[in-house]
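Taking the working numbering, I'd label the letters of the sequence shown as residues 3 to 358. Working notes for the structure below.
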Amino acid sequence: WELLNEIVRLRADEYLITVQPGMTVGELNKILAPHRQRLGTLYPSSRTLLSLIGQDLPCLTQGSVGSFRQQVTGIKALTGAGEPFKYGGEVVKNVTGYDMVALLVGSRHQYGLPVEVTLKTVPIPEMERRLVIDLQPVDETALPSTPALMSTFVDEIKNLQAELNTLKGIALFRLRASIGWKCLLDCGGWRNTVQPDMERLQAWVQALDARGPGLHELDCEASAFDHWLDKLDWQRPGQSYNLVLKVALPTAEAREFLVGFATADWFDAADCLWYPDAGVMYLRWRSPNYPYSAELETIVEWVEQHHDGLVTLAVRPVNIDLPDTLAQPKEPEAFERWRYRLRQLYDPNGLLGPPV
């Protein structure tokens, strides 16, 4: 796949580029840099577009720019029989029928191997600043529980976001429970607006010191930020995760979810990535012992009761006994695979994830 890394077409004036999927994110951004553009989603530069098309991995800026799936406007691919097919294209428009591009992105190439992909790009702001706030209290005995602290924090940061035009994205994450919760604030825009907004943010965080959070600013220089992203290892190749559960929860219900399950063993074993802006939360497990079927049912039932069943599931190839509510068809015919995937995408009560 490293040979399929050429540019097919670049329409910088339309903020569109068509490339072969063996190209890495770093190579793509280097091509776009002279035009003051880049890929909207932030991934380590070593990731290939092929891997992103196959997995639709979450990224820390997803709350502000959308998922990788939302950056793709067209895909040209080959079926297992070697026959070419194409969906979407170089026109950014609303889809009036089934969005087949959305079906292909995240399907792990079960319906075809991509040979070309058309992506939306975004302008590079004149100035970018990124802050990471450590929400893990230094002295937990003197402070409220972390979920309660986060509830207050999220309310305040969303109020600030309404005031600060350059504060584009908020992501809260906990990768490995021992490290604790952190928050990434992504700011970008004209220099004369970013600088005062950052000063306001820093003053606000300093006022939170009594509640325990720490603060440090990330280097936005490409290689430094790329190294920081890679350390998070959500997207690192070669990792084997039992399960990635994606749930759609508004801020208030996500807060209730955190408070209700923060002490559960299965939650403590999970990595968590939450976008308050988008109302989406990802839970990921690595341990071979998590999660058990009964605990999966607990998660799904809770979300269904609180938010109309918007639960989506991506199962990794590992031996897990799934509950009946999450059962997936075995060895479906080719047509059934397409129909099943479409149902997952368009049925709000469906599960998102390829059949196993």
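In this text, a Cβ means the ideal position worked out from N, Cα and C, and glycines have one as well. Fair warning: this is a prediction, and the values are worked out from it, not measured in the lab.
Who are residue i's beta bridge partners in DSSP?
{"i": "D188", "result": "R132, G171"}
{"i": "L275", "result": "F175, Y284"}
{"i": "Y89", "result": "I77"}
{"i": "R11", "result": "T20"}
{"i": "A250", "result": "V282"}
{"i": "V124", "result": "R40"}
{"i": "P116", "result": "A79"}
{"i": "T26", "result": "T50"}
Does residue i pass the burial test, meaning 16 or more other C-beta atoms within 10 Å, or should it be called exposed?
{"i": "W183", "result": "buried"}
{"i": "V103", "result": "buried"}
{"i": "T154", "result": "exposed"}
{"i": "N31", "result": "buried"}
{"i": "D273", "result": "buried"}
{"i": "V21", "result": "buried"}
{"i": "A35", "result": "exposed"}
{"i": "Q73", "result": "buried"}
{"i": "V10", "result": "exposed"}
{"i": "A209", "result": "exposed"}
{"i": "A79", "result": "buried"}
{"i": "G42", "result": "buried"}
{"i": "G84", "result": "exposed"}
Given residue i, which residues of its chain have a CB within under 7 Å of its CB, disregarding the five upstream and five downstream residues?
{"i": "G108", "result": "Q57, D58, R71"}
{"i": "I159", "result": "I172"}
{"i": "A14", "result": "H37, Q39"}
{"i": "P125", "result": "R38, Q39"}
{"i": "T81", "result": "F87, G114"}
Tell me the DSSP secondary structure of residue i in three-state form.
{"i": "I159", "result": "helix"}
{"i": "T50", "result": "strand"}
{"i": "T195", "result": "helix"}
{"i": "T154", "result": "helix"}
{"i": "T300", "result": "helix"}
{"i": "V107", "result": "coil"}
{"i": "L324", "result": "Annotation note: pLDDT 40 at L324 (below 50); position unreliable, coordinate value reported separately. Looking at L324 - three-state DSSP - the assignment turns out to be coil, as it is neither helix nor strand."}
{"i": "W206", "result": "helix"}
{"i": "L62", "result": "coil"}
{"i": "G56", "result": "helix"}
{"i": "A266", "result": "coil"}
{"i": "L137", "result": "coil"}
Taking 6 Å as the limit between beta carbons, can you name the residues of its chain near residue i, skipping five residues before and five after?
{"i": "M25", "result": "N7, L51"}
{"i": "P60", "result": "L275, Y284"}
{"i": "P252", "result": "G281"}
{"i": "L12", "result": "I19"}
{"i": "M129", "result": "R193, V196"}
{"i": "N321", "result": "With a pLDDT of only 38 at N321, under 50, the local geometry of the prediction cannot be trusted, and no value is derived from it."}
Under 8 Å by Cβ, that's how I've got residue i and residue j pegged, so tell me the actual separation to the nearest angstrom.
{"i": "L187", "j": "L133", "result": "4 Å"}
{"i": "C189", "j": "R131", "result": "5 Å"}
{"i": "P127", "j": "G65", "result": "In fact, because the Cβ distance is near 17 Å, the residues do not count as touching under 8 Å."}
{"i": "G68", "j": "E92", "result": "Going by Cβ atoms, the distance from G68 to E92 rounds to 18 Å, so no, they are not a contact pair."}
{"i": "Y45", "j": "T123", "result": "Their Cβ separation, rounded to whole angstroms, is 14 Å, which puts Y45 and T123 out of contact at 8 Å."}
Would a check of beta-carbon distances place residue i closer than 7 Å to chain B?
{"i": "G24", "result": "Protein chains in the displayed structure number just one, and chain B is not present."}
Could you name the residues of the same chain whose beta carbon sits closer than 8 Å to that of residue i, not counting the 5 residues immediately before and after it, in chain order?
{"i": "A164", "result": "none"}
{"i": "P23", "result": "W3, L6, T50, L51, L52, I55, P116, V117, E118, V119"}
{"i": "L169", "result": "L162, Q163, L187, D188, C189, D199, L203"}
{"i": "A256", "result": "W276, P278, G281, M283"}
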